[in-house]
Amino acid sequence: MIDFLKHMPKAELHIHIEGSLEPELMFRLAKKNSIPLPFDTEEQLRAAYQFSDLQSFLTIYYQGAGVLRTEEDFYDMTRAYMERCHSQNIIHTEIFFDPQTHTDRGIDFGMVVAGICRALDEGKKKFNISSHLILCFLRHLGPASAMKTLDQAMAYKNEIIAVGLDSSELGFPPDQFKEVFEKALDKGFLTVAHAGEEGPPEYIWQALDLLKVKRIDHGVRCIEDPELMRRLLEEQIPLTVCPLSNVKLKVFHQMKDHHILSLLEKGLKVTVNSDDPAYFGGYLNENFMALHKELGMNKNQAVALAKNSFEAGFLNPEEKRTAVLRLEAYAKGSE
Ligand code: HPA
Ligand code: ZN
């Protein structure tokens, strides 16, 4: 089973590229860019990755992203992630980036995009991994800053397929960003949003009805609202669930409590994702393996989750068909 999961073709739809920055690269970049870190060693840094909730993680995560300064830095980080994708049989990935984390430090928006896209292009050529880039607005900075960021993004419209919403959820409901998302939709971006990670089901409703999202990132608190569950099921709205993240950030007390497989069995379009793999103890395969080990996920369920990952991606119908056929051939043992 472990081998089956490792080699299974799959897509990742919820990964913050800044959350793939491993301590080793963080220390190298900090030294190169003369940026002080409040930790002396990688071990000390890793030991600090004990979180009580989303906010306790975000503080450390934004601090870590502070070592990224040059185009090469963004390239190095993204290239390392693409190599992980290759080693984990991720054949398609849709990555988030948080431009405000960088532009607020005086870093050029275009340089961030250039570094990330160079590594994504290389990943396509070298490993045949397809990808899309999704811009996430930081909800704690409010709608005016998001609007300014959207205006900056217009110059990179060809590189960015969608906009999303991340950072501190509680107290920053999606409705605050209605105008920003209306403008983004009008300009031709697709939309997604983090909702129902720590926030209530109401935030998921708002993301659907006001932000017109194609997917909900996390969305696990949908379980509290039967009417919402019916809507997600009927419209087959994908949820990009991140099991290891949810346990690390105490959304669930332990993996055994996670309801991803029961959502799958109810027919919801759930997918498995790593969120911030450098901080949460693993990449996509480690998430699949945890579901097997702790929740008893079987082969059929693993294949259904991987199939959902292709169907919920921003791939065209032909690309989806090809990927699903490849997965089905693999599941039958013919790959
Ligand atoms: N939630 C909200 N914002 C984030 C996350 C998350 O899980 N990871 C990185 N930014
Ligand atoms: Zn996330």
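Residue numbers for the sequence shown follow the numbering used here, so the first one is 13 and each next one is one higher. All C-beta atoms in this analysis are idealised placements derived from N, C-alpha and C, irrespective of residue type, glycine included. Bear in mind that the values here come from a model prediction, so they are computed numbers and not experimental data.
According to DSSP, is residue 227 part of a helix, a strand, or is it coil?
It is a strand residue.
Considering just the uninterrupted stretch of the beta strand (DSSP E) at residue 276, what are its terminal residues?
Counting along the chain, residue 276 falls outside any beta strand (DSSP E), though it belongs to the alpha helix (DSSP H) covering 272 to 277.
Answer with buried or exposed for residue 274, where buried requires no fewer than 16 other C-beta atoms within 10 angstroms of its C-beta.
With fewer than 16 Cβ atoms within 10 Å of its Cβ, residue 274 is classed as exposed.
Could you tell me the alpha carbon to alpha carbon distance between residue 283 and residue 338, rounded to whole angstroms?
In this structure, the alpha-carbon of residue 283 lies about 18 Å from that of residue 338.
For residue 254, verify whether its CB is less than 8 Å away from any heavy atom of the ligand HPA.
At a threshold of 8 Å, residue 254 counts as near the ligand HPA, since its beta carbon sits closer than that to one of the ligand's heavy atoms.
Cβ-based burial, residue 114 [other Cβ within 10 Å; buried from 16]
With 16 or more other Cβ atoms within 10 Å, it is buried.
Is the CB of residue 197 under 9 Å away from at least one CB in chain B?
No chain B is present in this structure, which holds just one protein chain.
Buried or exposed for residue 22, going by 16 or more other Cβ atoms inside 10 Å?
Buried is the call here.
Kindly identify the DSSP beta-bridge partner or partners of residue 283.
Answer by DSSP bridge pairing, in chain order: 252.
Would you say the beta carbon of residue 257 comes nearer than 8 Å to a heavy atom of the ligand ZN?
Answer for residue 257: yes, Cβ within range of the ligand ZN.
Just curious, the alpha helix (DSSP H) that residue 8 is in, first and last residue?
Since the displayed the chain opens at 13 and closes at 347, residue 8 lies outside it and no answer follows.
Taking only heavy atoms of the ligand COA into account, decide whether any of them is closer than 8 Å to the Cβ of residue 209.
For the ligand COA, the structure offers nothing, since it holds only the ligand HPA and the ligand ZN.
Hey, out of 105, 293 and 203, whose CA is closest to residue 143's CA?
Nearest to residue 143 by C-alpha distance, out of 105, 293 and 203, is 105.
Threshold first: 3 residues or longer. Then list the beta strand (DSSP E) segments lying entirely within the segment 59 to 121, N to C.
Listed in chain order, they are 102 to 109.
Report yes if the CB atom of residue 147 is closer than 9 Å to the CB atom of residue 109, and no otherwise.
Yes.
I think residue 322 touches residue 335, with their Cβ atoms under 8 Å apart; what is that distance to the nearest whole Å?
Right, their Cβ atoms sit about 4 Å apart.
Residue 264: beta carbon under 8 Å from a heavy atom of the ligand HPA?
Exclusion of residue 264 from the 8 Å shell around the ligand HPA follows from its C-beta lying no nearer than that to any non-hydrogen atom of the ligand.
Using 8 Å as the cut-off, can you tell me whether the segment 146 to 161 makes contact with the segment 172 to 182, which would need three or more C-beta pairs spanning the two stretches below that distance?
Touching, yes.
CA-to-CA distance, residue 218 to residue 237, given in whole angstroms
When rounded, the distance between both Cα atoms is 14 Å.
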